[in-house]
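S.K.: Counting in my numbering, the sequence shown tops out at residue 1208, every number present. Here's a structure for you.
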Amino acid sequence: MTIFRSFQNFLAFNMTLVVILPLAVFGFATHQYLYVQKLEEVQSEQAFQLSELQNAMSDFISEAVHDLRTVVYNLGGHAYLRNVGMLQVTPTDRQPIFNSIFLLDKNLRVRQIVSHDEYEGFSGNYINFDCSGMEIFSGRRNSEDVIFSEVHVSPFDGHATVSLAIPSGAGYVLGNLSLEYIYNVINRWGRVTHSEFSLLDRNGVLIAHTDPDLIGQRISYRNHPEVIRGLQGESGVWEHTHPDRNALEGIQIVPKTKWLVWSSTDLDAAMQAENVVRSSILIFLLISFGIALVLAGYTWTRLARPIRQFTGRIKDIADRGYGSKEPLRSFSEFERLSAAMDQMARAIEFREQHLLKTAEGTKFLPEINSVCQLAASLKEATQADSVRIVVRDEQSGQLCQYNEREAVAVILENDLFDQLAGIAEEGEAVFLASALGDDARIGESFLPECSGTCMMMFSSVSGKIRGVVGVGFQKEIDQKFMVENSVRIFGFRVLVELERDLNIGALEASEKRLRNVIQSLPMGMLLVEKQSNGNLFLSDANAAAEIVFEEDVRAAFGADIQTLLPGLMQGDFPALLEGVLQGNELWEPKRIRFPAGQADKVLEILLFSVGENQVACMALDASERYMREQEALSRQRTDHFVAGLSRELNDIVYGSGALEEYCNKVMMGLGQLLEIDGCFLLKPKLAAAEEQLECRACWYRVDYRNAVLPGDIYPYAQMNWLRTELDENSLLVVEDIEQLPPGAEVEKKRWQGQGLKSVLFIRLPMLSSSHALVGIESIETVRKWNEKDIDLFSRTSELLLRALEREAFTLDLQKSENEYRQLNEEFQTILTGISDHLILWTRDREMVWSNLVEPTPGESRSNFFCHCALLDDKGDQCDDCPIEKCFATGEFQSHLLKTDEKQWGIKVFPVHDGNHQVHRVITMTSDVTERNLMRAAAERTSRLTSLCQIAAGVAHEINNPNALVLMNASVLKDVFTSIMPMLEREYEQFGDFSVGKMKYSRMRQNLPKMVSDIETAAGKIRSIVNDLRGYVTRGELITEEGVDLNLVITEAVSMLGSSNKEAKNRIKMELAEDLPGIKGSARRLEQVVINLVSNALYALEEREGQIFIKTSFDRQSDSIDMVVKDQGEGIAEDHLGQIADPFFTTRRNVGGTGLGLSVCTDIIREHGGEILFDSKLNKGTTVTVRLPIRRTQKLDSANQKPII
């Protein structure tokens, strides 16, 4: 028993080991494998998130640099603002990047502050703050690139900030970045990933952190060695053990800066996602262990302790180092890419929003090369077979299509473009496969060579659809999201790149308008507004506009301006103000003299309208000029003040010395604008500049186009020698007064008397009323000009000359446009007057233009002569369409269309494009009904004339032998009658005998009938020939008075009854009594009756039926009607229109000639009547003859109604 129990215990123990040990080993190995896999996934996830945050911060820096560059661009190189209202640093629809912006001069003195909240500008002198001691400029004063600073406390608001500086033309633009904006970006990533993200500077100070309380603290490098690695240029994610937790910490360097993006993920919390798996393994082991306990059974007591130890060990392993936090959310591949793509989309949108707004309304047709490069990049990124980018201009609606190599022919029209844009949503890729129905067919029309198309629509800031991007694949794909996301990402890039190139023109135009505003505001300007109650309200225009000048208006005039204002409100000023408001172009300058210190001061007051109820009042100091010239200028005007110079000229001005500073004063408009005989001149204030340069400036007015205009305001107005020299050169330098050309003796003497040594003349373009180039500036000096000075003035002249030439070119374009419109109206008037219908068609059968009908784009013309070219009554396309032929062959086509009442001649002409391809056609539709009828009548008359000539000859040839037959038949009859008694006697005496081959007994009965048949046949031949001759040689109608139509009918029927016994039984007559007589030919009317009744008898040959003849008198129309009605076979409907045509017959096989009804129709028309036919097949025919009455005496027709 002891041995058995020992063996039993041994067996139970081994069975337990066999079951438990493999399960334990398997569970531990599975746990370790899952732990390693999860650790690698967390590391990869953190590296990806860190890279995306690095890109987001890089985009943030790019946006900040872009905004500062926009400020520099708007400033045009100046170190201070002229109009703060133009400075829109950050679009209003996104969070400001900068807390504030400082404008510094080259000495690093703050010139102006702009706040992002109110965009306030503080005018005045330099702000008393020197930035030269800031760390950002230490050792980098002359840097030409972006300068970054570390975290420091702003001296203006006392908050921690980071600075960013960009050099301008004459200073710097310094911006304090919004740490709140950076914190929002960092915090947004922290909320998504459940990790801690930080932004450090090179000193380890936290610029931003997911915990805002830690911002500004310094990181200990001893606790975070990965920060040291980041400062040494390394990037990556490492596992780091802290005293209180295990963590994954990563570092990345932000490009263009020394900032570090640092992330820290609690590894213990991240690994909690595996708790469920470990718990399942533990449960499985416990169940297996329970089974082992049942098998061990009674050995449990002895094995309890080892099992408890083993189970505790497993539980310790399972629970070691893991907390109870919620598991980390696992990101799929699609979610990560989608989040990254959204970040990229927002970054692109923030960076380009300002440029997009300024470019609204500009022409959106980009350069071909830039779009082709984008298409090539998109094709390479998506591994596609074909790429198309279609762009539509907002103003003209023009479509431009590109592939990766060139601009291609547009295969889309606007309606298909709108359908594509309707399928593809903005910013979302749509995949169209061949099995997706109608939308797929639209996609195939966009990329016909591909079986699948992935498209995306992009629009402008205003929401107007700008274009469609399409990527096509020839092979079947499974709509992989990588394809869709690639199209989407590059679609945003297409939008950004295309519109970036087009924003330059808009920004330049904005900058030019800014220059105009700045340079047209001289010192001493007031705004006078007439209010509704009639009072005048005055305000200082310069101060109201918040413009910073070298000296303040009130400081320039002192107390004099206070004395001036009451004087303006008195006297004739209100009346002059009313004249300006009513539209008077000019006003005589008013000079006011008043005491100002020790000497009198003379101010010139100029008025000009700037609004409906506003007048600008400009006060100019005219004291010196008033004392030098007593005769004032005749008229003054400033409405056409010439705008300032371009940025290139400003760079030239700011890059030079004292001479350039003088030129800057002249060009900035700090002088007076004068108009002399229609020419605008600018007389600069020299002041201290004259002393520095040892020179003086003077304007000479010369007309280059016609002749010299005399003037007495400025000296030397009649220098012919100077005009001749400047006609050939825009710059003339006289280095020595002694070298002046002949004709300049007066000027030479004057300049020598003034001690001048050299003179420089510049041909400056001034805008005259006739847009002529007039004006010369001379700068006279007591020293020699150097090459630098001469080059400056030469380039100044050329720049201004080109500006005015552009103005002249614009005027020429306007003139050409007006002429074109006039010609277009004349052309339209001529085309509208043409009776033929002209239509311009596209390949899609849209009517672009018509001279008689105003087409509606896209409207279907269902009742037109053309659908594709022509329409039948059902609206279907014709089988032989001339438009199709014209498009296919490129040659002229013609077609004849017959409708119920009209005949239309259609001619199709091709219209070729620049590639000699037919892209449109013109159809000309003409009503040719009358012309074709006249042509058919002429052909018929010609044919009948020929037939008549032939018939006349045939009738003559037949009549001769026929007359001989008739004559011999009569002779033969007489001969037979004479010899008949002798033959009878011979027959009685000798019996029957033969005559020829016929017995006499038979001959005596048949020969008379044979002779009679010969006479009858010859008579018919003579009748037919006479009818034919009568039709051919029908002469003038011989009329007689009082023809009785009833008698004509009776005789005609009697004549027919004698030759046709059956006719007497079929004809029924109902002739009206007291029928008036008519004027006409009884013989010809009888011929009509015979023909009509004969035709009726022919129709009844094999049918049972009657012929009814009826006459009646219609007193209203004063006419007689004769109706001939039969019950015969009738006439087919398609033959009714031809029965009166000559030689038309359906009985030609039985001897019909087709002339009977034609002759009858002509006879009735000769009598002024008409003949009508009404027939139905198999029901009979009714012929109505209507003859007008020509009044004569009535006949007694009591005995004219025969009984038949």
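For glycine and all other residues, C-beta sits at the position ideal for the given N, C-alpha and C.
(1) Distance check for PHE1112 and GLU1106, CA to CA, integer angstroms please.
(2) Where does the unbroken alpha helix (DSSP H) through GLN1120 begin, and where does it stop?
(3) One question on the structure: do ASP884 and GLN907 come within less than 9 Å of each other, judged by their Cβ atoms?
(4) Which residue comes first and which comes last in the beta strand (DSSP E) that contains LEU844?
(5) Can you check whether the CB of ILE1167 is closer than 9 Å to the CB of LEU1089?
(6) Below 8 Å, can you find three or more Cβ-Cβ pairs linking the segment 1125-1133 to the segment 1170-1190?
(7) Let me check understanding here. Comparing Cα to Cα, which of SER1179, ALA1056, ASP1078 lies closest to GLN1091?
(8) Which residue comes first and which comes last in the beta strand (DSSP E) that contains ARG396?
(9) With DSSP run on the structure shown, which of helix, strand or coil describes ARG73?
(10) Can you give me the Cβ contacts of SER854 inside the same chain, cut-off strictly under 6 Å, excluding the 5 residues immediately before and after it?
(11) If you drop the 5 nearest sequence neighbours on each side, which residues of the same chain put their C-beta closer than 6 Å to that of CYS1164?
(12) Where do the N-terminal and C-terminal ends of the alpha helix (DSSP H) with THR214 fall, by residue?
(13) With a cut-off of 8 Å on the beta carbons, I'd call GLU1044 and SER1085 a contact; round off their distance for me.
(14) Pull up the distance between the alpha-carbon of ASN966 and that of ALA1021, whole angstroms please.
(15) Would VAL241 and GLN50 qualify as a contact pair, given that the criterion is a beta-carbon distance under 9 Å?
(16) Check for me: the beta strand (DSSP E) holding PHE896 runs from which residue to which?
(17) Return the bridge partner residues of VAL3 from the DSSP annotation.
(18) List the whole-angstrom C-beta distance separating VAL166 from ALA60, where the pair is believed to meet the contact cut-off of C-beta under 8 Å.
(19) Taking the beta carbon of MET1126 as the centre, do at least 16 other beta carbons fall within 10 Å, making it buried, or is it exposed?
(20) Would ILE983 be called buried (16 or more neighbouring beta carbons within 10 Å of its own) or exposed?
(21) Here's a check: name, in chain order, each residue in its chain whose Cβ is nearer than 8 Å to the Cβ of VAL1097, leaving out the five neighbours to either side.
(22) Using the Cα positions of ALA892 and ALA68, report the straight-line distance between them to the nearest angstrom.
(23) Hey, how far is the Cα of SER390 from the Cα of TYR406?
(24) Quick check on SER1179: does DSSP put it in helix, strand or coil?
(25) Starting from ASP931, follow its DSSP beta bridges and name the residues at the other end.
(26) Per DSSP, which residues does VAL150 bridge with? Please list them.
(27) Could you work out which residue in HIS920, ARG924, LEU817, ILE834 is closest to THR846 when comparing CA atoms only?
(28) Among TYR187, LEU900, ILE170, which one has its Cα closest to the Cα of GLY3?
(29) Is the Cβ-Cβ distance between VAL150 and CYS135 less than 9 Å?
(30) Using a 10 Å radius around the Cβ and a threshold of 16 neighbouring Cβ atoms, would you call LEU1049 buried or exposed?
(31) What is the DSSP secondary structure of ARG409, counted as helix, strand or coil?
(32) DSSP on SER268, reduced to helix/strand/coil?
(33) Ends of the beta strand (DSSP E) at ASN180?
(34) Note the first and the last residue of the continuous beta strand (DSSP E) segment covering GLY1084.
(35) In the DSSP output, what is GLU200 paired with across the bridge?
(36) Do SER104 and SER202 have their beta-carbon atoms positioned less than 9 Å apart in this structure?
M.R.: A quick look at the data gives this:
(1) 18 Å
(2) Element bounds for GLN1120: n/a, residue is neither H nor E.
(3) no
(4) 841-846
(5) A contact, by the Cβ cut-off of 9 Å.
(6) yes
(7) ALA1056
(8) 390-396 is the span of the beta strand (DSSP E), which, as asked, contains ARG396.
(9) Looking at ARG73 - three-state DSSP - the assignment turns out to be helix.
(10) ILE843
(11) Cβ within range, chain order: VAL1092, ASN1095.
(12) THR214 -> no alpha helix (DSSP H), and no H or E assigned at all.
(13) 7 Å
(14) 9 Å
(15) yes
(16) Neither: PHE896 is in no beta strand (DSSP E) and is coded neither H nor E.
(17) Only positions 5 to 1208 of the chain appear in this structure, which leaves residue 3 out of reach.
(18) With 8 Å as the limit, VAL166 and ALA60 do not qualify as a contact, their Cβ atoms being about 16 Å apart.
(19) buried
(20) Exposure of ILE983 is indicated by the presence of fewer than 16 other C-beta atoms within 10 angstroms of its C-beta.
(21) ALA1056, VAL1057, LEU1060, ALA1067, ILE1071, ILE1111, ILE1113, VAL1128
(22) Straight-line Cα distance between these residues: approximately 58 Å.
(23) 11 Å
(24) Annotated three-state conformation of SER1179 is strand, per DSSP.
(25) Partner(s): TRP908.
(26) According to DSSP, which records beta bridges pairwise, VAL150 is partnered with nothing at all.
(27) Ranked by Cα distance from THR846, the first of HIS920, ARG924, LEU817, ILE834 is ARG924.
(28) The displayed coordinates of the chain run from 5 to 1208. Any statement about residue 3 would go beyond what the structure contains.
(29) No; because the gap between Cβ atoms is not below 9 Å, this pair is not in contact.
(30) buried
(31) Coil, per DSSP.
(32) strand
(33) 175-181
(34) Note, GLY1084: beta strand (DSSP E), 1082-1084.
(35) SER268
(36) No, these two residues do not count as a Cβ contact at 9 Å.
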